[in-house]
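First the structure, in the form of structure tokens, and then the observations on it.
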DNA sequence: ATGTATCATGCAATCGATTGCAATTGCAAG
DNA sequence: CTTGCAATTGCAATCGATTGCATGATACAT
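Residue numbers (this note's numbering), protein chains in the order written: chain F, 1 to 382; chain S, 383 to 764.
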């Protein structure tokens, strides 16, 4: 073992069995380290003086034109098998891979799909929210399967132009928006000129953008009807109706009440979507409510889960004192105590649909919006 | 209202208050729709005959050179305030935004960070796994905050070149790998020549790549020592030690047993990471085990959660008959029944560290690996 | 040997923005 | 009305790969 001290670089490199191990004291790590270290690392490369950095370099080595190299590497275009093999071998030997940005610019495609999450009605919400995250994972799986990369962008719409900026950035071949939030107008405007756009969320009559989502009104109706059947008369809806989907769910609840001939109005409490933010709010609301609701329809599973916890802290029994039902059907509802009844949306099917339809739109087809059937999942909280 | 039927396009467009509403019957939606529809949609644009598609078009309109437009739009370079304002106004008026791919090619930056998830030891695993998903969300939040996009790529390493292909694709400015899986050698090799690379996972002496992760050995020791303190003598470890991090956790368990003077060897069962795959396996294992373990250390929360369910199906009581402890500290452990004891890794801190260090590496600094302290969370399953 | 068909390769324009350097303009002082 | 200087702007090369068209090479038939 040998220790080399490079004072100019302010840190030591220990060479040990041809591996390099950098010890950087905490304070020194704060400082910028000069570039030369890269050159030092070059020793592990095949060839660093004749580094091949583009197709022309390789063409020079191979004694052919850049065009030929391009054709050889891209498995397309007429070219003799012999030169193709020779150039491919050369590329491997020199560890060369064509620059994708240049390729993208030329062929006007990126091989990437954008997933954007607008946080309009709830600025504090994070991508780490269980619903987004679940959806995102499913989309990632579906897109990976089709050979696309996924470009994720969380955006807080401060102006009307956020979506335009994204879709025109040239970074993606198509865009999936998760949730309309309160941006339905923006979505419609962009959809009217930009085809490869699909949206997860609610469907309203006359909308221009192509959406995939469950029948939110029906889902709300299922949830409320279920609670009513279980004997609840005073219902509450926990969720902010400014979001299109939530508004539809609330509408469904009202429809169920009408159908059952209940006269009272449903109490609407615009709970936050994030558990940490919703917890104190719900605590305050339930603590100060004149009449405690007998049944609570939460606009999302996360809200329901939080409600469950608050009720437990109040010493109230679920489902005996209060019944709670969630919405989404996330996996976490399997593991709450008591196990949460919920309205399941087929997220896997939805994600597959979104991807499938987006690819069709990219190919130039047109696609109609899809409305999936929600499904009541009865468990122990109702 | 007026109904126009365009037989050539096979669908009807209803014009209503300047909005276009497409009714596409299910069957017809399957067919490719002719392109002209795009032109029809053009009516909502400001100017479609003089569509500005690049900087030169705008330059022509403004009566200046492309370079000037570039300077005006990019808030950099010398240019008079007057022309800058004029050109910016023109750009807004024509709804023009410069093409990012061309920009990227020219300045050799992308403004995007790659997150790649190698699934080496477990091909069936999906991105929708709660751990990945949680990590991904946190990374997305951290990166968004710094103004970077996130390019997600799930990869099943079939050859040695998967990471090279990704980092050299020119699509990203830096790369975060989540979990070493069984690819530590590949990571080291790439890290030796490609600086902007950081890895979430275990740390082993002599590793070349820069990693962030908790002290897996210590975490394993904490878990095992906790179970031993609770009276367990026969321990089992559920997880595949082929993954570096799991191997370290297992090592910690053995250390704890040694420290407690326990003579028996710990039973290792390489449970799958996915709940659906792990469930039948664990059922089979626990059903056929000669001696049931008294304490189970699961290599992840998901495995622990699945174990909990299997035990409940066997009619065994947790923690009375068997004690179970998880690893990761995901939010879902708050909601299992019984609430799951676990070893919490500070994923938020880890994600922030990963992003921070990656940006420092992009800037040319060097960074040392970070090892975070894991924390024992005692709840009701032990 | 020559014509011709076929296949492989080279040439050069192109995608759209950036930027070093040169040229021009504007403005004020002489 | 010059001259000088600085502030703007234009010019053209550049990033790296793709591709239509033209040219060159080869093989085969006549």
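Yeah, the Cβ is synthetic: ideal placement off N, Cα and C, and Gly gets one too.
Please read these numbers as outputs of a predicted model, since none were measured by experiment.
Contacting residues, own chain, Cβ-Cβ under 7 Å from residue i (five flanking each side not counted)
i              : result
residue 421(S) : For residue 421(S), the pLDDT reaches just 31, beneath the cut-off of 50, and the residue's location in the model is therefore unreliable, although a value from the coordinates is still provided. Closer than 7 Å at the Cβ level, and outside the excluded window around residue 421(S), lies no residue.
residue 616(S) : 646, 673, 675, 676
residue 318(F) : 308, 311, 324, 338, 381
residue 528(S) : 737, 741
residue 519(S) : none
residue 29(F)  : Residue placement at residue 29(F) cannot be trusted, given a pLDDT of 31 that sits under 50; what the coordinates show is reported in the next sentence. There are no such residues.
residue 437(S) : 448, 451, 452, 480
residue 472(S) : 440, 443, 444
residue 149(F) : 111, 112
Nearest candidate by alpha-carbon position, reference residue i, set the options
i              : options                        : result
residue 93(F)  : 543(S), 491(S), 477(S)         : 543(S)
residue 244(F) : 176(F), 374(F), 78(F), 180(F)  : 180(F)
residue 222(F) : 260(F), 336(F), 137(F)         : 260(F)
residue 481(S) : 452(S), 461(S), 460(S)         : 452(S)
residue 375(F) : 344(F), 130(F), 348(F)         : 344(F)
residue 346(F) : 327(F), 362(F), 363(F), 335(F) : 327(F)
residue 231(F) : 149(F), 320(F), 198(F)         : 320(F)
residue 206(F) : 299(F), 198(F), 158(F), 185(F) : 185(F)
residue 704(S) : 717(S), 716(S), 715(S), 686(S) : 686(S)
Beta-carbon gap between residue i and residue j smaller than 8 Å
i              : j              : result
residue 766(S) : residue 573(S) : Not covered by the structure: residue 766(S). The range shown for chain S is 383 to 764.
residue 549(S) : residue 499(S) : no
residue 649(S) : residue 618(S) : yes
residue 289(F) : residue 238(F) : no
residue 341(F) : residue 313(F) : no
residue 434(S) : residue 465(S) : no
residue 351(F) : residue 187(F) : no
residue 60(F)  : residue 73(F)  : no
residue 170(F) : residue 483(S) : yes
Rounded C-alpha distance that separates residue i from residue j
i              : j              : result
residue 490(S) : residue 516(S) : 31 Å
residue 329(F) : residue 173(F) : 31 Å
residue 371(F) : residue 212(F) : 6 Å
residue 607(S) : residue 310(F) : 33 Å
residue 256(F) : residue 248(F) : 13 Å
residue 176(F) : residue 252(F) : 26 Å
residue 296(F) : residue 204(F) : 25 Å
residue 227(F) : residue 698(S) : 33 Å
residue 425(S) : residue 189(F) : Model confidence at residue 425(S) stands at a pLDDT of 35, short of 50, so the residue's coordinates are unreliable and nothing is read from them.
residue 467(S) : residue 364(F) : 38 Å
residue 331(F) : residue 575(S) : 41 Å
residue 366(F) : residue 749(S) : 50 Å
residue 131(F) : residue 153(F) : 16 Å
residue 488(S) : residue 523(S) : 28 Å
residue 744(S) : residue 96(F)  : 22 Å
residue 373(F) : residue 669(S) : 39 Å
residue 277(F) : residue 731(S) : 20 Å
residue 104(F) : residue 115(F) : 19 Å
residue 269(F) : residue 333(F) : 21 Å
residue 680(S) : residue 525(S) : 31 Å
residue 590(S) : residue 541(S) : 20 Å
residue 640(S) : residue 611(S) : 13 Å
6 Å Cβ shell around residue i - same chain, five flanking residues per side excluded
i              : result
residue 657(S) : 684, 688
residue 202(F) : 213, 216, 244, 245, 248
residue 163(F) : 186, 190
Interface residues of chain S facing residue i [CB-CB closer than 8 Å]
i              : result
residue 112(F) : 533, 553
Chain-ordered neighbours of residue i on chain S, where CB pairs are closer than 7 Å
i              : result
residue 168(F) : 479
residue 262(F) : Within 7 Å Cβ-Cβ: nothing; residue 262(F) doesn't reach chain S, min ~32 Å.
residue 379(F) : Within chain S, no residue comes near residue 379(F); the closest Cβ sits about 12 Å away, beyond 7 Å.
Cross-chain neighbours of residue i in chain F, by beta carbon under 7 Å
i              : result
residue 473(S) : Near residue 473(S) there are no residues of chain F at all, since even the closest Cβ is about 12 Å away, more than 7 Å.
Residues that residue i contacts on chain F, provided the C-beta gap is smaller than 9 Å
i              : result
residue 714(S) : 130, 331, 332, 335
residue 547(S) : 97
Contacts of residue i in chain S (Cβ-Cβ under 9 Å)
i              : result
residue 105(F) : 481, 483, 484, 486, 487
Neighbour list for residue i in chain F, Cβ cutoff strictly below 8 Å
i              : result
residue 687(S) : 335
residue 536(S) : 140, 141, 144
Cβ-based neighbour list, residue i, same chain, cut-off 8 Å, excluding 5 preceding and 5 following
i              : result
residue 35(F)  : For residue 35(F), the predicted model reports a pLDDT of 28, less than 50, meaning its position is unreliable and no value from the coordinates is stated.
residue 739(S) : 580, 592, 594, 749, 752
Heavy atom of the ligand NAP within 7 Å of residue i beta-carbon
i              : result
residue 249(F) : The ligand content of the structure shown is nil, which means the ligand NAP is not present either.
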